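*Asks:* Dropping the structure in here first, questions after.
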Amino acid sequence: MRSIHLLALGTVAFAAACAQAQPVPLTDAERQAIVASVDSATHAFEDAERALDAEAALAHIAPDFYMYNDGVRIGYDPTVQMIRQNFGTLQHLDPGFTNLEIKVLGRDAALATFTFRDSIIDGTGASFSFRGSTTLLWERRGTDWLITYADADHYPAE
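Taking this note's numbering, the leading residue of the sequence shown gets 8, the next gets one more, and so forth.
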């Protein structure tokens, strides 16, 4: 009889622990706040690119960041080097983010997708443009939203 009683107590304790482990669903207000925060962070990243402010752009990228750029995997250090080098040689960059959509994945993660049309003038005055799409995975780290993953495909603008 005692073993049945202990088994019943164990089952109740296990059920209570499982009930506590269930995540609390986001409220509409929490979801809207996350969308607003990630929207703001995405536009701040775009503004940093437009201003050719490498350090402001890099402030949005997490140290464990990596991306696929036209199908090639690039880690954090090469991305930092590429941004600093390229921003230092350009006269003009307009990233032209459009169709921004944000999907909340949880309290600390959201996915931002958008299309872009980069208009660029390099150091020699030559101009060119690309179009494509980008996906950014934003994660909340403390109070900041940082990009931990990105995928971008570039095509000649028509």
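Yeah, the Cβ is synthetic: ideal placement off N, Cα and C, and Gly gets one too. Note that the coordinates shown come from a computational prediction; the quantities given were computed from them, not determined experimentally.
Are the CB atoms of A164 and R124 within a distance shorter than 8 Å?
*Replies:* The sequence position of residue 124 within the sequence shown is 117, counting from 1. The sequence position of residue 164 within the sequence shown is 157, counting from 1. Yes, Cβ-Cβ distance for R124 and A164 is below 8 Å.
*Asks:* Comparing alpha-carbon positions, which option in L144, V111, L100, S126 lies nearest I41?
*Replies:* Within the sequence shown, the letter at position 34 stands for residue 41. Per the Cα distances, V111.
*Asks:* Please state whether the Cβ-Cβ distance between A116 and I109 is less than 8 Å.
*Replies:* Indexing the sequence shown from 1 puts residue 116 at position 109. Indexing the sequence shown from 1 puts residue 109 at position 102. No, the pair does not count as a contact, with Cβ atoms beyond the cut-off.
*Asks:* Mark V1 as exposed unless 16 or more other C-beta atoms lie within 10 angstroms of its C-beta, in which case mark it buried.
*Replies:* Outside the displayed range of the chain (8 to 165) lies residue 1, so it cannot be described from this structure.
*Asks:* So what's H67 in DSSP terms, helix, strand or just coil?
*Replies:* Taking the sequence shown and counting its residues from 1, one reaches residue 67 at position 60. Reduced to three states, the DSSP call for H67 is coil.
*Asks:* What do you get for V31, buried or exposed, if any count of 16 or more other CB atoms within 10 angstroms of its CB means buried?
*Replies:* As a first step, residue 31 must be located in the sequence shown, where it is residue number 24. By the neighbour-count rule (16 or more Cβ atoms within 10 Å), V31 is not buried but exposed.
*Asks:* Would you kindly report the start and end of the unbroken beta strand (DSSP E) that includes E146?
*Replies:* Looking up residue 146 in the sequence shown gives position 139. Unbroken beta strand (DSSP E) run through E146: 134–148.
*Asks:* Would you give the residue range spanned by the beta strand (DSSP E) that P163 belongs to?
*Replies:* In the sequence shown, residue 163 corresponds to position 156, counting from 1. 151–163 is the span of the beta strand (DSSP E), which, as asked, contains P163.
*Asks:* Starting from the C-beta of A15, find all residues in its chain whose C-beta is less than 8 Å away, skip the five residues before and the five after it, and write them out in chain order.
*Replies:* Locating residue 15 in the sequence shown gives position 8, where the first residue counts as 1. Low per-residue confidence applies at A15: pLDDT is 48, beneath 50, and the placement is therefore not dependable enough to give any value.
*Asks:* Is T96 helix, strand or coil by DSSP?
*Replies:* On the sequence shown, residue 96 is found 89 positions in, with the first residue counted as 1. Here T96 sits in helix by DSSP.
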